[in-house]
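Enquirer: Below are the structure tokens for one structure; questions will follow.
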């Protein structure tokens with residue numbers, strides 16, 4: 112057995128190399144042994160090796176004892192993502208349906224590895240819309256991404272615990288490179304022979320003590336390979352950009368129009384502005400003016416290459432990593448008030464019913480006359496009387512334009528939802544960081560009418576650009592959102608039913624829209640929307656016109672944020688090619704590669720932000736425990752298990768466990784199908800609202816334990832919360848206990 116294992120590890124790759132050659136054909140065991148020039152003893156074991164590879168799904172045995180790679184339809188190549196459960200999701204490179212890989216079928220593959228998956232039997236149809244399952248049979252390319260973690264030690268050796276919960280294994284390190292136990296370090300993977308031993312790595316950077324919260328951001332930057340500095344040649348190019356401002360080219364001059372911006376209070380990169388005019392027929396003409404980044408960032412230039420690699424700006428809680436150097440993002444391209452700026456304008460003419468009847472596109476020269484924050488815009492829209500807000504210097508005419516844009520935006524919004532767009536707006540909370548790297552405050556951001564005004568105008572411009580280019584036969588990077596799979600919808604219906612809803616058939620978008628409308632104002636509205644949101648697919652970029660399911664749009668692209676998103680810059684260049692009657696600068700293969708790359712960088716940015724926020728929230732809760740000043744939070748039961756309840760804090764948006772031992776010392780009963788946990792005389796189910804406080808935080812395992820409380824519980828008296836069991840249910844439970852005793 113030991114020799115067979117050695118043979119397996121030594122010759123497996125060589126055998127696979129025979130089958131992967133272009134001229135490969137089915138081979139017998141004798142032919143394989145001869146081709147590999149195996150010695151006599153090894154030849155006797157080659158059949159054992161081949162049978163092991165067949166069982167492992169790497170090759171197949173065909174007629175007359177010949178061996179070959181499996182049928183192409185069985186094998187899918189893609190990039191692996193690993194969930195916290197240890198299960199994996201492979202995103203096929205051909206854009207087909209993702210493949211679920213169970214934890215015990217991942218092998219020694221790690222996050223972001225490029226792998227080959229063999230589909231399980233009966234799942235070889237690439238058009239199927241249900242989740243496919245399979246097994247990783249080969250690692251084509253290891254991710255070269257560095258891994259950040261914390262150095263730990265046993266009496267015999269040192270190891271690193273990754274900060275990313277997607278890495279389910281610790282890494283053995285032979286040399287600490289001067290790092291101390293408890294330091295955050297960056298490691299580079301070296302080898303992982305098999306799943307029975309730990310993967311090995313080398314320390315390449317020592318960041319500093321894990322206990323120092325000010326190092327959290329740098330740790331995340333290193334772990335996700337985010338770029339926090341610009342190369343010297345990019346800076347030189349950015350510094351020379353003012354020269355391009357002196358040569359604006361052929362543009363329409365809109366500087367005499369009232370153009371304004373609405374942005375967050377802390378924003379400095381204003382990439383969109385609005386105007387509203389009336390044409391000769393009395394129709395409204397909405398102007399959406401976007402910073403003309405393409406004028407400054409030329410294809411194949413150092414700045415363009417850097418922007419493409421970054422893909423997007425990254426917004427971390429205490430640091431912004433811009434896609435473009437500050438000279439452009441906060442300077443020349445930012446549509447600051449009272450400064451001449453180059454823009455790409457979309458002029459959309461609307462009928463009285465809010466339906467667009469015509470769209471025009473042009474390069475322009477603009478001058479913003481007014482900069483508003485969302486709070487100021489909301490105050491102006493809600494204020495009564497012309498002199499109600501003297502601190503905001505806005506003329507009556509300007510205020511009237513703002514109100515007219517708001518009314519148009521409301522028309523567009525109503526029309527969009529009438530076409531069954533999904534209303535999945537969720538409460539959003541902004542984390543305010545203190546100078547010590549700890550959370551100073553958490554504020555709720557309301558999606559009010561000032562936000563929806565901007566959102567609807569941007570959606571209208573994005574749709575208009577995509578429709579124009581698509582109808583003119585130009586390929587582009589679409590922003591696509593595919594419908595959820597039937598399996599996901601079935602799971603959603605089951606979950607909503609457990610909450611007490613009767614959602615019906617959700618296979619049609621209209622029914623989902625009707626259901627979401629029906630739960631508005633319901634005590635479980637948040638729960639229902641969260642479950643629906645989790646059943647949806649991710650929005651991605653694609654050269655295919657697949658539509659946007661959530662927005663209910665057939666044509667949709669990203670055009671309105673070229674300062675912070677590379678796909679928008681690509682679309683700007685394609686639109687410019689249309690306007691100047693030239694061929695598109697991008698072939699289909701270019702767009703496919705860019706779509707895949709930008710989808711990936713967007714996902715990395717979102718994951719980095721999410722994980723850093725999670726670290727900050729864990730520190731915030733741990734600090735309360737250390738200081739013995741736990742705060743009480745509102746929580747929702749999101750999952751029930753036989754060992755306790757998983758709850759989510761609605762304000763902090765973190766999940767943790769309320770262990771069953773903290774709920775009752777009496778009899779416990781768990782109904783897995785209905786997701787119901789009975790502890791003593793209290794029953795808990797999905798959607799229950801609880802009051803909890805943090806009891807334990809485990810950074811390495813990313814686990815938080817909460818305890819259910821009220822005022823008495825804080826003083827030390829356990830008071831379980833939940834829905835009391837009625838007398839009839841209590842009598843039935845006693846009867847069952849008596850029957851078991853018999």
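In the working numbering, the protein residues as written are 112 to 853.
Each residue gets a CB set at the ideal place from its N, CA and C atoms; glycine is no exception.
Quantities reported herein were computed from a predicted structural model and do not represent experimental measurements.
Looking at C-alpha atoms only, which residue of 129, 623, 427, 387 is the closest neighbour of residue 89?
Expert: This structure cannot settle anything about residue 89, because the visible part of the chain is limited to 112 through 853.
Enquirer: Taking only three categories from DSSP, how would you classify residue 542?
Expert: In the structure shown, residue 542 sits in a strand (DSSP, three-state: E or B).
Enquirer: So residue 475 packs on residue 447, CB below 8 Å; how close in whole Å?
Expert: With 8 Å as the limit, residue 475 and residue 447 do not qualify as a contact, their Cβ atoms being about 16 Å apart.
Enquirer: Since residue 656 and residue 603 should fall inside the 8 Å C-beta cutoff, what is the C-beta to C-beta distance between them, to a whole number of angstroms?
Expert: That belief does not hold up - the Cβ atoms of residue 656 and residue 603 are roughly 26 Å apart, past 8 Å.
Enquirer: Counting only runs of 3+ residues fully inside the stretch 275 to 326, write out the beta strand (DSSP E) ranges in chain order.
Expert: Here the runs fully enclosed are 282 to 284, 294 to 302, 311 to 320.
Enquirer: Residues in the same chain with beta-carbon distance under 6 Å from residue 522, minus the five sequence neighbours each way, listed in chain order, please.
Expert: So the list reads 465, once near-sequence residues are dropped.
Enquirer: Can you find the residues in the same chain that come closer than 6 Å, C-beta to C-beta, to residue 765, ignoring five residues on each side of it along the sequence?
Expert: Taken in chain order, the residues that qualify are 728.
Enquirer: Please tell me whether residue 458 and residue 472 are closer than 9 Å, where the distance is taken between their beta carbons.
Expert: Cβ atoms of residue 458 and residue 472: closer than 9 Å.
Enquirer: Near residue 854, what residues of its chain come up, given a Cβ to Cβ distance below 6 Å and the 5 sequence neighbours on each side ignored?
Expert: Limits of the chain in this structure are 112 at one end and 853 at the other, which puts residue 854 out of reach.
Enquirer: Less than 6 Å between C-beta atoms, sequence neighbours within five positions excluded: which residues of the same chain meet that for residue 531?
Expert: Cβ neighbours of residue 531 beyond the five flanking positions: 620, 621, 624, 663.
Enquirer: Within its chain, find whatever has a CB closer than 8 Å to the CB of residue 425; leave out the 5 residues flanking it on each side and keep chain order.
Expert: Cβ within range, chain order: 337, 431, 432, 716, 719, 720.
Enquirer: What residues in its chain sit with their C-beta under 6 Å from that of residue 193, if we drop five residues either side in the sequence?
Expert: The answer, listed in chain order, is 199, 222, 277.
Enquirer: Would you kindly check if the distance between the Cβ of residue 356 and the Cβ of residue 435 is under 9 Å?
Expert: No. Outside cutoff.
Enquirer: Across which residues does DSSP place residue 358 in a beta bridge pair?
Expert: According to DSSP, which records beta bridges pairwise, residue 358 is partnered with nothing at all.
Enquirer: Would you tell me roughly how many angstroms separate the C-alpha atoms of residue 420 and residue 191, rounded to the nearest one?
Expert: Each residue's alpha carbon lies about 20 Å from the other.
Enquirer: What is the residue span of the beta strand (DSSP E) that residue 780 lies within?
Expert: Note, residue 780: beta strand (DSSP E), 779 to 782.
Enquirer: So, for residue 384: in the same chain, excluding its five sequence neighbours on each side, which residues have a beta-carbon less than 6 Å away from its beta-carbon?
Expert: Closer than 6 Å at the Cβ level, and outside the excluded window around residue 384, lie 370, 372, 400, 446, 479.
Enquirer: If we ignore side chains and look at the alpha-carbon of each, how far apart do residue 695 and residue 526 end up?
Expert: For residue 695 and residue 526, the distance between alpha carbons rounds to 33 Å.
Enquirer: Alpha carbon to alpha carbon, what distance is there between residue 732 and residue 882?
Expert: The requested residue 882 is not part of the displayed model; the chain covers only 112 to 853.
Enquirer: With distance defined between alpha-carbon atoms, name the residue in 438, 591, 627, 257 nearest to residue 528.
Expert: Residue 528 has its Cα closest to that of 627, out of 438, 591, 627, 257.
Enquirer: Roughly how many whole angstroms lie between the Cα atoms of residue 573 and residue 686?
Expert: Computed Cα separation, rounded: 12 Å.
Enquirer: Quick one: using the 10 Å Cβ neighbour count with 16 as the cut-off for buried, is residue 246 buried or exposed?
Expert: Buried, since its Cβ has 16 or more Cβ neighbours within 10 Å.
Enquirer: How big is the Cα-Cα spacing for residue 770 and residue 212?
Expert: Using only the alpha carbons, I get a separation of about 29 Å.
Enquirer: Identify which residue in 757, 660, 587, 691 has its Cα closest to the Cα of residue 910.
Expert: Past the edges of the chain, shown from 112 to 853, lies residue 910, and the structure says nothing about it.
Enquirer: Mind checking residue 226: buried by the 16 CB within 10 Å criterion, or exposed?
Expert: When all chains shown are included, residue 226 counts as buried.
Enquirer: Considering only residues of the stretch 443 to 477, which uninterrupted beta strand (DSSP E) runs meet the minimum length of 3 residues and lie entirely inside it, listed in chain order?
Expert: You should have 451 to 461.
Enquirer: For residue 179, which three-state DSSP category applies?
Expert: Reduced to three states, the DSSP call for residue 179 is strand.
Enquirer: What is the DSSP secondary structure of residue 586, reduced to helix, strand or coil?
Expert: Reduced to three states, the DSSP call for residue 586 is coil.
Enquirer: Can you list, in chain order, the residues of its chain with a C-beta nearer than 8 Å to that of residue 409? Leave out the 5 residues immediately preceding and following it.
Expert: These residues qualify, in order along the chain: 415.
Enquirer: Report yes if the CB atom of residue 743 is closer than 9 Å to the CB atom of residue 802, and no otherwise.
Expert: Yes, the Cβ-Cβ distance between residue 743 and residue 802 is below 9 Å.
Enquirer: Comparing C-alpha positions only, which one of 297, 407, 609, 763 sits nearest to residue 347?
Expert: When each option's Cα is compared against that of residue 347, the closest is 407.
Enquirer: Can you give me the C-alpha to C-alpha distance between residue 595 and residue 778, rounded to a whole angstrom?
Expert: Cα to Cα, the separation comes out at about 40 Å.
Enquirer: Near residue 331, which residues of its chain fall below 8 Å by C-beta distance, leaving aside the five closest residues on each side in sequence?
Expert: The residues are 259, 274, 337, 427, 719, 722, 723, 726.
Enquirer: So does the stretch 380 to 398 actually touch the stretch 562 to 579, counting three or more Cβ pairs closer than 8 Å?
Expert: The stretch 380 to 398 is in contact with the stretch 562 to 579.
Enquirer: What residues match up with residue 210 in a beta bridge as DSSP calls it?
Expert: In the DSSP output, where bridge partners are listed per residue, residue 210 has 201, 243.
Enquirer: Classify residue 161 as buried or exposed, calling it buried when 16 or more other Cβ atoms lie within 10 Å of its own Cβ.
Expert: Its Cβ being crowded by 16 or more others within 10 Å, residue 161 is buried.
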